[in-house]
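Below is the structure:
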């Protein structure tokens, strides 16, 4: 009886052990099948520095157009957003006062010219009489003096006429550059006064003369060099990338709230059919290193253990921990310098 019970116990243990082994094997197979993997591949990869930036006008890109003569704004020919070319008419100051002044100066010039002609004739006549000893030297010199005075008056009248003509021309407010009207500060019917502090009529921006100021952290500035390629986006046009290149690296730091940044000036190419404007904020990616062909894996396949990096390699239905040496990285991928071969399969976490 004891032998029978002992044999039965052994059989039960064997069955349970076999069941556990089968269950364990099924679980491993299910775990491997559930893993997300990626294939080690060769592709181009670029390392970059991420920074925030602001669109800024270059020197001469933003022009504030004011009045050079005083008067009432008779007409305004542009509105905010209007595209203008150099020489386009922006506004007109009531020209009647300046037209009258020009006509007055024209009449004075005509009178001065007539006086000079008469004085010239009189001088020639007196010269002949003096040479024939008909008039005295004193009288001849007086006639000559009157002629010289008439010439001076004519020059003055011509200068005043040109000035009046110039003032009349200033009633036409013209665009000094090609660009886009960014703002209008004066309206039709308002009276403006010329002077150094005269109000601005229109602010015009040349959209081809803008640049990007990227604020780069002190820990990254050492990797930035001139001519490096730059890609950036602005909130106004989400998802649309603009291109540029590093032009200048400011040597002086910008310190705010104990954070040290350096300004990197980027020359930009505005997106086609889009308009960038000063003070737009940008997310900037500055490419510091580029490899056309590199062995790469997804960044989330790499893990760290005791300051060593490793990946989990899948071979058939088995996994293996493999320590690796990495190189440069971008947003999605990391370069693998050693520890992996092309087309191997790694687990992505």
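Residue numbers (this note's numbering): 652 to 1000.
Ideal Cβ placement from N, Cα and C applies to all residues, glycine included.
Among 967, 800 and 753, the one whose alpha carbon lies nearest that of residue 686
Residue 686 sits at position 35 when you count from the first residue of the chain shown. The candidate whose alpha carbon is nearest that of residue 686 is 967.
Across the region 744–762 and the region 810–822, are there enough close Cβ pairs to call them in contact, namely three or more that are closer than 8 Å?
Yes, since at least three Cβ pairs between the region 744–762 and the region 810–822 fall closer than 8 Å, the two stretches touch.
With contact counted as at least three CB pairs below 8 Å, one residue from each stretch, are the region 699–707 and the region 799–806 in contact?
no
To the nearest angstrom, report how far apart residue 999 and residue 984 are at their CA atoms.
If you number the chain shown from 1, residue 999 lands on position 348. If you number the chain shown from 1, residue 984 lands on position 333. Looking at the two C-alpha atoms, the distance is approximately 12 Å.
Starting from the C-beta of residue 714, find all residues in its chain whose C-beta is less than 6 Å away, skip the five residues before and the five after it, and write them out in chain order.
Counting from one through the chain shown, the residue named residue 714 turns up at place 63. These residues qualify, in order along the chain: 827, 828 and 855.
Between the C-alpha atoms of residue 995 and residue 690, what's the straight-line distance to the nearest angstrom?
Along the chain shown, one-based indexing puts residue 995 at 344. Along the chain shown, one-based indexing puts residue 690 at 39. Approximately 6 Å, taken between the alpha carbons.
Cβ-based burial, residue 693 [other Cβ within 10 Å; buried from 16]
The residue labelled residue 693 in the question sits at position 42 within the chain shown. So residue 693 counts as exposed.
For a test of the three-state rule: what should DSSP assign to residue 872, helix, strand or coil?
Against the chain shown, residue 872 aligns to sequence position 221. Note: residue 872 maps to helix in three-state DSSP.
With a threshold of 8 Å on Cβ separation, who are the neighbours of residue 738 within its own chain once the five nearest residues in sequence on each side are excluded?
Against the chain shown, residue 738 aligns to sequence position 87. Same-chain partners within the cutoff: 825 and 826.
At the level of alpha carbons, what is the spacing between residue 729 and residue 812?
Sequence index remark: in the chain shown, residue 729 carries index 78 (1-based). Sequence index remark: in the chain shown, residue 812 carries index 161 (1-based). If you take the alpha carbons of residue 729 and residue 812, they lie about 31 Å apart.
Out of 695, 979, 965 and 712, point me to the one whose CA is closest to residue 831's CA.
Counting from 1 along the chain shown, the entry for residue 831 is found at position 180. The shortest C-alpha separation from residue 831 is found at 712.
Please report the straight-line C-alpha distance between residue 862 and residue 877, rounded to a whole angstrom.
Your numbering for residue 862 matches position 211 in the chain shown. Your numbering for residue 877 matches position 226 in the chain shown. When rounded, the distance between both Cα atoms is 15 Å.
Put residue 962 into one of helix, strand or coil per three-state DSSP.
Working through the chain shown from its first residue, we reach residue 962 at position 311. The three-state secondary structure of residue 962, taken from DSSP, is strand.
Counting only runs of 4+ residues fully inside the region 759–834, write out the alpha helix (DSSP H) ranges in chain order.
With a minimum length of 4 residues, the continuous alpha helix (DSSP H) runs that stay inside the region 759–834 are 788–820.
In or out: residue 914 buried (at least 16 other Cβ within 10 Å) or exposed?
By one-based count along the chain shown, residue 914 stands at place 263. The residue is buried, with at least 16 neighbouring Cβ atoms inside 10 Å.
Which parts of the region 888–966 are runs of the beta strand (DSSP E), unbroken and 3 residues or longer, counting only runs that do not cross its ends?
893–907, 910–920, 932–949, 954–956 and 959–966
Tell me which residues share the same chain as residue 970 and place their Cβ nearer than 8 Å to its Cβ, disregarding the 5 neighbours each side in the sequence.
Taking the first residue of the chain shown as position 1, residue 970 is located at position 319. Excluding residues within five positions, the ones whose Cβ falls inside 8 Å are 683, 686, 963, 964 and 998.
State yes or no: is the C-beta of residue 716 within less than 8 Å of the C-beta of residue 843?
As a first step, residue 716 must be located in the chain shown, where it is residue number 65. As a first step, residue 843 must be located in the chain shown, where it is residue number 192. No, Cβ-Cβ distance for residue 716 and residue 843 is not below 8 Å.
Can you tell me the Cα-Cα spacing of residue 677 and residue 973, whole angstroms?
Indexing the chain shown from 1 puts residue 677 at position 26. Indexing the chain shown from 1 puts residue 973 at position 322. In this prediction, residue 677 has a pLDDT of 38, which is less than 50 and means its spatial position is unreliable; nothing more can be read from the coordinates.
Looking only at C-alpha atoms, which of 795, 807 and 867 sits nearest to residue 939?
Residue mapping note: residue 939 aligns to position 288 of the chain shown, counting from 1. Checking every option, the nearest Cα to that of residue 939 belongs to 867.
Using a threshold of 8 Å, state whether the C-beta atoms of residue 896 and residue 917 are closer than that.
For the purposes of this step, residue 896 is identified with residue 245 of the chain shown, where counting begins at 1. For the purposes of this step, residue 917 is identified with residue 266 of the chain shown, where counting begins at 1. Yes.
Using only alpha-carbon positions, find the residue among 880, 834 and 881 that is nearest to residue 734.
Translated into the one-based positions of the chain shown, residue 734 becomes position 83. Out of 880, 834 and 881, 834 has the C-alpha closest to the C-alpha of residue 734.
At the level of alpha carbons, what is the spacing between residue 679 and residue 902?
Residue mapping note: residue 679 aligns to position 28 of the chain shown, counting from 1. Residue mapping note: residue 902 aligns to position 251 of the chain shown, counting from 1. Since pLDDT at residue 679 reaches only 47, below the 50 mark, its modelled position is unreliable, and the value read off the structure follows with that caveat. Taking C-alpha positions only, residue 679 is separated from residue 902 by approximately 59 Å.
From residue 779 to residue 845, what distance separates their C-alpha atoms?
Reading the chain shown from its first residue, position 128 is the one you call residue 779. Reading the chain shown from its first residue, position 194 is the one you call residue 845. Going from the Cα of residue 779 to the Cα of residue 845 covers about 53 Å.
Distance, Cα to Cα, residue 979 vs residue 727?
Residue numbering aside, residue 979 sits at position 328 when the chain shown is read from its first letter. Residue numbering aside, residue 727 sits at position 76 when the chain shown is read from its first letter. Answer to the nearest angstrom: the Cα atoms are 57 Å apart.
Counting C-beta neighbours from all protein chains within 10 Å, is the total for residue 761 16 or more, i.e. buried, or is it exposed?
Taking the chain shown and counting its residues from 1, the one referred to as residue 761 is at position 110. By the neighbour-count rule (16 or more Cβ atoms within 10 Å), residue 761 is not buried but exposed.
Does residue 652 come out as helix, strand or coil in the three-state DSSP assignment?
Here residue 652 corresponds to residue number 1 of the chain shown, with the count starting at 1. Note on residue 652: pLDDT 44, under 50, position unreliable in the model; no value is reported.
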